[in-house]
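So the sequence shown is numbered by our numbering: it starts at 68 and just counts up by one. Even glycine gets a Cβ: it sits at the ideal position worked out from N, Cα and C. The structure presented is a predicted model; accordingly, all values stated were derived computationally and were not measured. Report on one structure; see the data block that follows.
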Amino acid sequence: MFSLLLAAEVAKCGAAIGAGLAVIGAGIGIGQIGGQAMDAMARQPQERSRLLSSMIIAAALVEGVAFFAIIIALLAIVM
């Protein structure tokens, strides 16, 4: 009984750590995308619209991966 309770608590801690790392990674990734896009727009202002659309697509992909990781972490709590 004690080991089953301990396993559930370890799963909750692992899920919290996993969700936190996913959010931190997504924040860093989106920050890098935004910073590099602003740098590119400053160097070539005529390419602004193309760079902006590429930036939005890349940020959406990073955010999608983060949401997927958070859902997996939440499933670890339930299981």
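Starting from residue i, trace the alpha helix (DSSP H) both ways and give me its first and last residue.
i    : result
E114 : Element bounds for E114: n/a, residue is neither H nor E.
Within 10 Å of its beta-carbon, does residue i have 16 or more other beta-carbons around it, so buried, or fewer, so exposed?
i    : result
A93  : buried
A140 : buried
So the candidates are the options; which of them puts its Cα closest to the Cα of residue i?
i    : options                   : result
G98  : V129, L141 and V145       : V129
I91  : L142, L118, I137 and V145 : I137
A125 : A82, E114, Q103 and I84   : Q103
So, helix, strand or coil for residue i, using DSSP?
i    : result
M108 : helix
M146 : coil
**Message:** Can you confirm whether the segment 138-145 touches the segment 74-87 when touching is taken to mean that 3 or more C-beta pairs between the two stretches lie within less than 8 Å?
**Reply:** Yes: at least three Cβ pairs fall under 8 Å.
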